[in-house]
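Respectively, the protein sequence lines represent chains E and H. Using this note's numbering, the first residue of the first sequence is number 548, and each one after it goes up by one. Using this note's numbering, the first residue of the second sequence is number 548, and each one after it goes up by one. Just so you know, even glycine gets a beta-carbon here, dropped at the ideal spot from N, CA and C. As structure tokens, the structure follows; a few thoughts come after it.
2 protein chains.
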Amino acid sequence: MVILGVDPGLRFTGYGALKLSGPPGPGVSVSIVEAGVFKLPPKASISDRLVELATDFGELLGRVQPQAVAVEMLYAHYKHPVTAIIMGHARGVLLHTIRKHNLRLVELRPTEVKKSVTGHGHAAKPQIQAAVQAEFRLAQPPEPPDIADALAIALCASRRAAWAEDMPPELPDDDHDTD
Amino acid sequence: MVILGVDPGLRFTGYGALKLSGPPGPGVSVSIVEAGVFKLPPKASISDRLVELATDFGELLGRVQPQAVAVEMLYAHYKHPVTAIIMGHARGVLLHTIRKHNLRLVELRPTEVKKSVTGHGHAAKPQIQAAVQAEFRLAQPPEPPDIADALAIALCASRRAAWAEDMPPELPDDDHDTD
Chain E
548 MVILGVDPGL
558 RFTGYGALKL
568 SGPPGPGVSV
578 SIVEAGVFKL
588 PPKASISDRL
598 VELATDFGEL
608 LGRVQPQAVA
618 VEMLYAHYKH
628 PVTAIIMGHA
638 RGVLLHTIRK
648 HNLRLVELRP
658 TEVKKSVTGH
668 GHAAKPQIQA
678 AVQAEFRLAQ
688 PPEPPDIADA
698 LAIALCASRR
708 AAWAEDMPPE
718 LPDDDHDTD
Chain H
548 MVILGVDPGL
558 RFTGYGALKL
568 SGPPGPGVSV
578 SIVEAGVFKL
588 PPKASISDRL
598 VELATDFGEL
608 LGRVQPQAVA
618 VEMLYAHYKH
628 PVTAIIMGHA
638 RGVLLHTIRK
648 HNLRLVELRP
658 TEVKKSVTGH
668 GHAAKPQIQA
678 AVQAEFRLAQ
688 PPEPPDIADA
698 LAIALCASRR
708 AAWAEDMPPE
718 LPDDDHDTD
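Right under this line is the structure:
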């Protein structure tokens with residue numbers, strides 16, 4: 548099976564698709580099918596970038612034919628709230644596309660992803676890049692780091708024995724008190 | 548022409564479509580074509596809600612055939628950052644749909660919307676509901692307030708002489724440093 552990890556953003560959306568040697572679990576071995584980044588034009592409007600992202604992502608799903616797509620769960624504290632809201636736009640469009648394709652969505656805690664690939668839950672980006680480089684015996688650390696993050700997300704999902712059963716709940720309701 | 552205002556959320560997305568008596572501007576008179584709220588099932592996953600929202604919103608666009616869709620601009624300070632990120636998911640899916648339909652997007656500052664309908668830029672929700680009720684001679688204040696907000700957004704866009712020329716810029720780039 549193929550698991551796709553994605554790390555959404557409106558400037559860079561990293562992705563990494565892994566082919567698994569067997570069912571997901573701690574001992575599975577994996578190989579990279581395709582990894583890369585969608586770079587969206589910084590001068591384009593958000594709407595235009597969302598359309599481009601949805602198109603690129605839909606084409607990727609067609610190419611790599613994943614059985615599941617893994618993303619990081621949202622969390623409560625973002626250093627840059629406006630950046631996080633914009634990331635939310637990209638994440639929303641990706642979740643919509645995933646669901647429209649009837650694909651399984653796997654949500655992972657960011658700390659679980661970091662711990663799975665580096666051994667500790669608060670690793671910095673260069674450590675994740677180094678761990679992903681070592682894991683896949685790459686000549687270079689993946690650049691931009693969004694690619695390493697996406698591969699780490701896919702790797703973490705691959706190593707989870709039980710994501711079919713214990714998919715974490717999605718976020719609680721929002722209300723309409725946003726201002 | 549018809550201008551549609553929307554107030555996105557993953558629980559309630561308010562909308563209000565106004566028919567204009569002439570070109571947009573301070574003296575235009577308007578009437579409600581349709582107003583309401585998409586209520587999304589709170590127990591459904593975010594992905595499922597996004598699919599439902601995109602379907603409902605696409606059907607609305609087909610029914611009311613707006614020439615432009617108005618939304619509030621994002622701003623820097625949200626009281627509830629996680630709610631704002633989730634709202635971002637809904638807003639992203641709406642912007643994507645608007646752009647796919649080749650419709651004009653009008654972004655308005657929240658303070659401009661409030662000022663346009665109540666006379667001051669920091670009005671509370673009940674004041675907006677009361678102002679919208681008075682403006683359209685409604686028997687009741689619109690409930691939930693998301694409907695009043697959406698009508699206020701459409702009304703503000705209708706009264707703007709120059710939104711065709713001076714559409715505010717969308718947000719600056721996000722980066723990929725979201726954690």
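**Prompt:** Do the CB positions of V664/H and A677/H come within less than 7 Å of each other?
**Reply:** no
- Item | Closest by C-alpha distance to G583/E, when choosing among L608/E, A695/E and S705/E | A695/E
Query raised in the report: Which partner residues does E654/H have in the DSSP bridge list?
Result: Note: E654/H sits in a beta bridge opposite V618/H.
So, for D693/E: in the same chain, excluding its five sequence neighbours on each side, which residues have a beta-carbon less than 6 Å away from its beta-carbon?
D554, F559, G561 and V584
Three or more C-beta pairs closer than 8 Å, one from the region 598–608 of chain H and one from the region 638–645 of chain H: is that the case here? These segments touch.
Notebook entry, point to check: If you pair each beta-carbon of the region 652–670 of chain H with each one of the region 608–624 of chain H, do three or more pairs fall below 8 Å?
Noted result: yes
message = Taking the alpha carbon of I633/H as the reference point, which residue from R596/H, A686/H, E690/H and L608/H has its own alpha carbon closest?
response = R596/H
Are there 16 or more other CB atoms within 10 angstroms of the CB of P719/E, so buried, or fewer, so exposed? Because the pLDDT at P719/E is just 49, under 50, the model does not fix this residue reliably, and the value given afterwards should be weighed accordingly. When all chains shown are included, P719/E counts as exposed.
> Along chain H, which residues have their Cβ under 8 Å away from the Cβ of L652/E?
Replying inline: S592 and S594
### Query
Does DSSP put A582/E in a helix, a strand or coil?
strand
Worksheet item: So is G639/H buried or exposed if we call it buried at 16+ other beta carbons inside 10 Å?
Response: Counting Cβ neighbours within 10 Å, G639/H comes out buried, since at least 16 surround it.
- If the cut is a Cβ gap below 9 Å, which residues of chain E does P628/H touch? A623, H624, Y625, P628, A631 and I632
Helix, strand or coil for F559/H per DSSP?
In the structure shown, F559/H sits in a strand (DSSP, three-state: E or B).
Point to revise | Min CB distance R707/H to chain E below 7 Å | key: Proximity of R707/H to chain E, defined by a Cβ-Cβ separation below 7 Å, is not satisfied.
Item to check | Inter-residue Cα distance where the pair is T658/E and G635/H | outcome: Taking the Cα positions, T658/E is about 23 Å away from G635/H.
For V660/E, go through chain A and note every residue whose CB falls closer than 7 Å to its CB, in chain order.
This model lacks chain A altogether, as its protein chains are E and H.
Checklist entry - Is there a Cβ from chain H that is less than 7 Å from the Cβ of V664/E? => result no
Anyone know if the C-beta pair for G556/H and A637/H falls short of 7 Å?
In this structure, A637/H lies closer than 7 Å to G556/H by Cβ.
Open item on the list: Am I right that A701/H and L551/H are in contact with their C-beta atoms under 8 Å? What's the rounded C-beta distance?
Closed with: A701/H to L551/H, Cβ: 6 Å. Contact.
From the DSSP secondary-structure annotation, give me the bridge partner or partners of D595/E. Answer is none; D595/E lacks a bridge partner.
> At a cut-off of 6 Å, is Q612/H close to the ligand ATP when judged by its beta-carbon and the heavy atoms of the ligand?
Replying inline: With respect to small molecules bound, the structure shown includes none, and the ligand ATP cannot be examined in it.
Let me see if you follow: with CB-CB separation under 7 Å, is G668/H close to chain E or not? no
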